[in-house]
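What follows is a short report on a single structure.
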Amino acid sequence: MIVVQTPLRLSFVGGGTDFRQYYAERGGAVLTSAIDKYVFVIVKERFDDLIYVNYSQKEIVDDVASIKHDLVREAMRLTGVTRGVEITTLADIPSEGTGLGSSSSITVGLLNALYAYKGESVGAERLAREACQIEIETLGSPIGVQDQYIAAYGGVRFLSFNHHGVDVERVDLSPLQRRLLDENLLLFYTGMTRKSAEVLQQQKANIKSRQDVLDQMRDLAHQARETLASGDLDGFGAMLRRGWELKRQLASKISNDMIDLALEKAQQAGAVGGKVTGAGGGGFLLVYCPKEHRDRVRAALSGMRELPFRFEQDGSKVIFNYRRPQ
Numbered sequence: 000m001i002v003v004q005t006p007l008r009l010s011f012v013g014g015g016t017d018f019r020q021y022y023a024e025r026g027g028a029v030l031t032s033a034i035d036k037y038v039f040v041i042v043k044e045r046f047d048d049l050i051y052v053n054y055s056q057k058e059i060v061d062d063v064a065s066i067k068h069d070l071v072r073e074a075m076r077l078t079g080v081t082r083g084v085e086i087t088t089l090a091d092i093p094s095e096g097t098g099l100g101s102s103s104s105i106t107v108g109l110l111n112a113l114y115a116y117k118g119e120s121v122g123a124e125r126l127a128r129e130a131c132q133i134e135i136e137t138l139g140s141p142i143g144v145q146d147q148y149i150a151a152y153g154g155v156r157f158l159s160f161n162h163h164g165v166d167v168e169r170v171d172l173s174p175l176q177r178r179l180l181d182e183n184l185l186l187f188y189t190g191m192t193r194k195s196a197e198v199l200q201q202q203k204a205n206i207k208s209r210q211d212v213l214d215q216m217r218d219l220a221h222q223a224r225e226t227l228a229s230g231d232l233d234g235f236g237a238m239l240r241r242g243w244e245l246k247r248q249l250a251s252k253i254s255n256d257m258i259d260l261a262l263e264k265a266q267q268a269g270a271v272g273g274k275v276t277g278a279g280g281g282g283f284l285l286v287y288c289p290k291e292h293r294d295r296v297r298a299a300l301s302g303m304r305e306l307p308f309r310f311e312q313d314g315s316k317v318i319f320n321y322r323r324p325q
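With numbering that gives the first Met the number 0, letter number 288 in the sequence shown gets 287, and the count goes up by one each step, no holes.
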């Protein structure tokens, strides 16, 4: 039996510049981080040749082509594990529409677990690249490529994209900087989930007409990396706000009246900056708030459930590997 733990993520600045239609010509950049909320994938050998798949539904099939769960089906096809297994996915938060990159974390985790089941150790770059292949090329999802890479690599990362591929850089923070950033970032659940594909499809269709905005978002990601690395945490918080102001111009469904009001309340209570995680339209609200204003911000957003979190240094990893003696 194999158990793989894969982190979810918070994208800070630059989301949207990781679409191939944009970065292949103009280069993209994203500042992002893995967090200590996870997707778990369990792969267990069965005594027969059937395939069991457990998630919000339960499937029992006798061939891979019959699996309804797209990510499980394509991960099995790609890795060559095609029969006699039981696959279970579990998540720390709702697995759809929350803006924390759960779909890509599931894909990366599935690949990692299935390769481990075969006795193969696969590196982060390959896991991320093959997860992109499944989600974007095989399934045609209207998404970028940042989520797969942060799920595979973990840590606080600066990702840059161009026609050659993806470069992954670790953003080194001192223990004190990391602790203060942990404390000053607050995450609240809006109570709304949405099909990210609906938002992203519109965003993707607007790429040509929003190139100037995307250029500014790309450049802001570079600035945010330098600001964060220098230890100017409040300056970084203000960049979250600027990044959100730019991102909401990419598509009409990214924000709504409820989100706008919540961010306004947070800023009036002392938050320096904030944004909605992921594609927008719902999910989680991330705000940067200096210590002296945190109680006021929490009171202003008391109608939303807070999700405490910390940064996660590791990417997708096998946390249990038991092989029955032959």
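Built from N, CA and C at the ideal position, the CB exists for glycine as well.
Buried or exposed (CB count within 10 angstroms, at least 16 for buried), K57: exposed
Cα-Cα separation, R247 to R241: 10 angstroms
Buried or exposed by the 16-neighbour rule on C-beta atoms within 10 Å, applied to G100: buried
Proximity test, I133 beta-carbon vs the ligand HEM heavy atom, cut-off 7 angstroms: Only the bare structure without any ligand can be found here, which leaves the ligand HEM out of the picture.
Cβ of A250 within 8 angstroms of any chain C Cβ: Checking the listed chains, one finds no chain C in this structure; it contains a single protein chain.
For G280, the nearest candidate out of V198, L245, T78 (CA to CA): V198
Exposure of Q20, with buried meaning 16 or more beta-carbon neighbours within 10 Å: exposed
C-alpha gap between L7 and G27, whole angstroms: 21 angstroms
6 angstroms Cβ shell around K396 - same chain, five flanking residues per side excluded: In the structure displayed, the chain extends from 0 to 325; residue 396 sits before or after that span and is not available.
Runs of alpha helix (DSSP H) lying entirely within the stretch 25-103, each at least 4 residues, in chain order: 69-78
Minimum length 4: unbroken alpha helix (DSSP H) runs contained in the stretch 221-276: 232-246, 256-267
Counted within 10 angstroms of its Cβ, other Cβ atoms place G154 as buried (16 or more) or exposed: buried
Check whether T88 and S315 have beta carbons under 8 angstroms apart: no
Three-state class that DSSP yields for V2 in the structure shown: strand
Proximal residues to S104 (C-beta, below 6 angstroms), its chain only, five neighbours per side dropped: T5, L7, V38, A150
Counted within 10 angstroms of its Cβ, other Cβ atoms place I59 as buried (16 or more) or exposed: exposed
CA nearest to the CA of M257, picked from G190, F310, V212, A268: G190
Cα-Cα separation between A270 and A298, rounded to whole angstroms: 12 angstroms
Beta-carbon gap between L213 and G83 smaller than 8 angstroms: no
Secondary structure of V155, DSSP reduced to three states: strand
G272 to S55 span [Cα, whole Å]: 35 angstroms
The beta strand (DSSP E) enclosing N183, as first and last residue numbers: First-last for N183: 174-183, but that is the alpha helix (DSSP H), not the beta strand (DSSP E).
Best match in S173, Y148, S229, D171 for proximity to S10 [C-alpha to C-alpha]: Y148
Minimum C-alpha distance to D47 - residue among L186, K36, L285, D62: D62
Rounded separation between R25 and F319 - CA only: 42 angstroms
Boundaries (first-last residue) of the beta strand (DSSP E) holding E168: 164-169
Length of the line joining the Cα atoms of A64 and R72: 7 angstroms
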